[in-house]
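Same order as they appear, the protein sequences are chains A and B.
Each residue of the first sequence is one higher than the one before, starting from 1 at the first, in the UniProt record's numbering.
Each residue of the second sequence is one higher than the one before, starting from 1 at the first, in the UniProt record's numbering.
Notes follow the structure.
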Amino acid sequence: MKQHRIIGLLGLLLVFVLIVSGCAIGHASATATAPREKIVFWHEMTGPAADQLKKFATQFNASQKKYQIVPEFEGTYNEAVQKILQTHGTSASPAIFQSMDVSTSELYHAKVATPMQHFIDKDHYNMNQIAAVPRAFYSQGGKQISMPFNTSQPVLYYNTSLLKRLGIKAPAKDPSYSDITAVAKQIQAKSKGKVNGMTVEEYGWLFEQFMANSNEHMANNENGRQGVPTAVNFDQPGAKKAMQWIQTNVKNKDIINFGSGSTAETNEMAAFLAGKLGIFMQSSADIGNLTSGMKDKLGICYFPHADGQKANGVSIGGASLWIGNDKSKSVQQGAWEFAKFLVNAKNQAIWEKITGYMAINKQAAKEPILKNLFAKQPMVAVPGEQLARTKPNTANSGIFMEDVVQERTLTQTAMQQVYNNGNIGKALKTATDSMNAAIKNNNKASGLTK
Amino acid sequence: MLQRLPKQVDNSLPSLNLAAKYKLTDSGYAIVFLGPTLMLLVAFVFYPMLKTLYMSFFLTNDFGKTTAFVGLSNYVSLITSSSYLSSLGATLVFVLAVSILTVVLGVALAVTANQELKGIRLFRTLFSATMGVSVSVAAIFWLFAFNPSVGVFAQLSQALHLPVVNWLTDPKSAMVAIIISTVWMNLGFTFLIIFGALQSVPKSLYEAADIVGISKLTQLFKVTIPMISGTLFFVMIVTLIEAFKSFGLIDMMTEGGPDNATNLLVYRIYQDAFINGNFAQGSTESILLTIIIAIFTLIQFKFLGKRVHY
């Protein structure tokens, strides 16, 4: 009995040793033939965009022998920012990562990344091929901090077929507030109340865009482009005009309120696809979902501007690519090669077609993929045209401030008060005061101001 | 504490029995048996608690590291901030409404299900069914129910020619919607516990009451409730604490909105610490919440505990 057991144990041990040595040999031979540098890439994309990113990584890996890109999904934008900050300097940190627009100032001041300008200069990379607004958004003091990547702009979507059925003229390509109101009113009236005119989500990002398009700086020091912002002011004429426009429309039932957050986005999309909603304001990144899910013909026009005022142009949303400064030189070089690969003209054209994010490479429009797409669906080109005609200035290049996330929550709350018939001036003033208190604390905590 | 026994104890046979080999004193036993638990508690409960308290006296930077000592200023600015106070008010309304409704409805369901009728087992199962529903499933279910265009409530009010309530975007109705769904979620557990207690009330008490000719309603208040008061007390404390900690339904249904109407204290902590990245403020809010829950539990022990018949 006992002997059997010992023999059995010895047998097991032998098998174990064989497996371990086998692995070791296998491992050794693998590394000997392919001494690739592992480049971990963190992203926050889901659905078709995530699949496409994986494809890009595979193609990049096949295109050269030096680097191995390993894409890893890290949850939502907000979660990823915390993970990037908390893992920095450890072996768990990524070599290259995608981080959302509003985290730009925070990551810059946290000094977790090697500025993109460093690689651009070293490589003599031509940044002029990248669209001007996203380039300005992700730079500071004339230096590129991160590489623009998935980029969207807010636009107005309308249901062309529905308007035709009701005998309503489509809105102008560059509409004013009252142009849109007029269309919404007609939809409501001619459908006998069966179709809602329009909706504008209670969303801090859209609030920022109203101010940008009115050429107003939300934060002082020119939205933080001339120095660390020490205060914000939401209570400005342009912002007020936009809120007044919305409130009047809500009162007249020309705007239906779907609320805020993902629930609102799902509900407005469902209503629009079902032909129960005429117009809605949202990110251009929705184009993919809209063109694939809609039986009716889709229409797109620019973000509206105040009456009798020229549009200053809106800013962008989305995220950019950063190269961590806690990895070896060769890993960083590999990360840079991959970043260049992602924003080249051909890949940006594919990216726009698959995801609805705009191609940020100016040459992408010449690629056959996009040419065919625009020929078949001309409205898909509208967001790109809006981006191209915008001359970047400090009002429409985003707010370079830490705590933009908090600013969005506060302006969203102010919007909720406005939609529920609250006093506009008071709502904006309250949000301004709360934000200024937060800025003061945060600047002190981060050592940005004394 | 560990004392080797003198050698003369039988050493001809090697013994694996530690207790025989080493003589343990009482405190030695305590350490051996409680030590592992204590270590776990220290690592995962006491250390984080103290760290939270520590962080609440500082400002924190992007990495969540403490930078500037500010004393009690985090507390002062919170207590004087109107938005925190409105969160506190909303939480109190929510907690009271949820715990009262859950217990009252739980008793009502349990008393009904306690009747010996044909097919009553089916209802007993149904009433406790929400225990098996996860928060995310419940949230999706209620989101559909409250949807202004396709929801059950909207269709009901359309059929009755009543105005459609936009449940989750109006600050007043959003709170009602969250209360309804939370009560529904909690009801299964409350029902099951109270029902168990009812089953253990001796039948003879009711027989005696019937002989004396006491009405069923009086029996409920004079016999049933006093007999299950211990369980009711337990259920009340548990639902109250659970209500204070509500998070999942709020996160998935309203995200604290609209206009902060459902931004309850726990959700606020999450938002401030993990969305806004302000860990110091999140810590301060956690400490305040701990104090508030402790006060409530104390009050309950003081006033309700006396009325309990064990």
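For every residue, glycine included, the Cβ atom is placed at its ideal position computed from N, Cα and C.
Treat the numbers as computed from the prediction; the structure is a model and nothing was measured.
6 Å CB neighbourhood of residue i in its chain, flanking five on each side removed
i: residue 354/A; result: 48 and 52
i: residue 41/A; result: 69, 71 and 96
i: residue 277/B; result: none
i: residue 251/B; result: none
i: residue 204/A; result: 408, 411 and 412
i: residue 455/A; result: Since the first residue of chain A shown is 1 and the last is 450, residue 455/A is not available in this structure.
i: residue 67/B; result: 59 and 61
i: residue 263/B; result: 87 and 256
i: residue 388/A; result: none
i: residue 248/B; result: 135
i: residue 219/A; result: 229, 232, 399 and 401
Contact under 9 Å by Cβ, residue i with residue j
i: residue 110/A; j: residue 97/A; result: no
i: residue 401/A; j: residue 151/A; result: no
i: residue 198/B; j: residue 178/B; result: no
i: residue 399/A; j: residue 240/A; result: no
i: residue 200/A; j: residue 255/A; result: yes
i: residue 105/B; j: residue 183/B; result: yes
i: residue 279/A; j: residue 157/A; result: yes
i: residue 167/A; j: residue 184/A; result: no
i: residue 57/B; j: residue 72/B; result: yes
i: residue 322/A; j: residue 119/A; result: no
i: residue 236/B; j: residue 139/B; result: no
i: residue 186/B; j: residue 98/B; result: yes
i: residue 124/B; j: residue 195/B; result: yes
i: residue 107/B; j: residue 225/B; result: yes
i: residue 120/B; j: residue 129/B; result: no
i: residue 117/A; j: residue 144/A; result: yes
i: residue 288/A; j: residue 356/A; result: yes
i: residue 44/A; j: residue 67/A; result: no
i: residue 131/B; j: residue 192/B; result: yes
i: residue 505/A; j: residue 291/A; result: Here chain A comprises residues numbered 1 to 450, so residue 505/A is not present and cannot be evaluated.
Residue from the options with nearest C-alpha to residue i
i: residue 416/A; options: 257/A, 324/A, 313/A and 304/A; result: 257/A
i: residue 316/A; options: 212/A, 189/A and 407/A; result: 212/A
i: residue 159/A; options: 349/A, 193/A, 295/A and 87/A; result: 295/A
i: residue 490/A; options: 117/A, 260/A, 430/A and 173/A; result: It is not possible to answer for residue 490/A, since the shown part of chain A is limited to 1 through 450.
i: residue 37/A; options: 206/A, 161/A and 338/A; result: 338/A
i: residue 349/A; options: 181/A, 220/A and 149/A; result: 149/A
i: residue 381/A; options: 391/A, 392/A, 394/A and 365/A; result: 365/A
i: residue 261/B; options: 45/B, 148/B and 176/B; result: 176/B
i: residue 202/B; options: 88/B, 193/B and 223/B; result: 223/B
i: residue 161/A; options: 139/A, 153/A, 180/A and 187/A; result: 187/A
i: residue 390/A; options: 208/A, 215/A, 422/A and 277/A; result: 215/A
i: residue 180/A; options: 163/A, 352/A and 368/A; result: 163/A
i: residue 404/A; options: 272/B, 283/B and 296/B; result: 272/B
i: residue 90/A; options: 324/A, 377/A, 443/A and 333/A; result: 324/A
Integer-rounded CB distance, given that residue j should sit under 8 Å from residue i
i: residue 413/A; j: residue 259/B; result: 6 Å
i: residue 94/B; j: residue 243/B; result: 7 Å
i: residue 153/B; j: residue 142/B; result: Not really, about 10 Å apart at Cβ, beyond 8 Å.
i: residue 85/A; j: residue 112/A; result: 7 Å
i: residue 124/A; j: residue 394/A; result: Actually they do not touch by this definition, with Cβ atoms about 28 Å apart.
i: residue 296/B; j: residue 240/B; result: 6 Å
Nonlocal neighbours in the same chain, by C-beta distance under 7 Å from residue i, ignoring five residues either side
i: residue 447/A; result: none
i: residue 224/A; result: 105, 399, 400 and 401
i: residue 227/A; result: 221
i: residue 273/A; result: 293 and 294
i: residue 360/A; result: 130, 131, 134, 148, 151, 343 and 348
i: residue 206/A; result: 154, 200 and 281
i: residue 292/B; result: none
Beta-carbon contacts of residue i that lie in its chain and below 8 Å, excluding the five residues immediately before and after
i: residue 145/B; result: 151, 152 and 153
i: residue 31/A; result: Caution is warranted here: a pLDDT of 46 is assigned to residue 31/A, below 50, making its placement in the model unreliable, and the coordinate value is therefore given only provisionally. If we look at residue 31/A and ignore the five residues flanking it on each side, it has no Cβ neighbours.
i: residue 202/A; result: 257, 259, 260, 264, 412, 415, 416 and 419
i: residue 46/A; result: 73
i: residue 231/B; result: 193, 194, 196 and 197
i: residue 327/A; result: 93, 95 and 335
The ligand GTP heavy atom lying under 8 Å from the CB of residue i
i: residue 96/B; result: Absent from the structure shown: the ligand GTP. Ligands present: none.
Practice item. State whether the stretch 116-131 of chain A contacts the stretch 224-243 of chain A, with contact taken as three or more CB pairs (one from each stretch) at a distance under 8 Å. Key: Contact fails: fewer than three Cβ-Cβ distances are below 8 Å.
Practice item. Specify whether the stretch 292-309 of chain A and the stretch 173-184 of chain A touch according to this definition: at least 3 beta carbon pairs, one from each stretch, less than 8 Å apart. Key: Verdict: yes, contact present.
Exercise for review: Say whether the stretch 422-438 of chain A touches the stretch 229-239 of chain A, bearing in mind that this needs 3 or more beta-carbon pairs closer than 8 Å, one atom from each stretch.
Suggested key: The stretch 422-438 of chain A vs the stretch 229-239 of chain A: in contact.
Practice item. Decide if the stretch 434-444 of chain A is in contact with the stretch 256-271 of chain A; the criterion is three or more beta carbon pairs, one per stretch, under 8 Å apart. Key: Here the stretch 434-444 of chain A makes no contact with the stretch 256-271 of chain A; the two share fewer than three CB pairs at distances below 8 Å.
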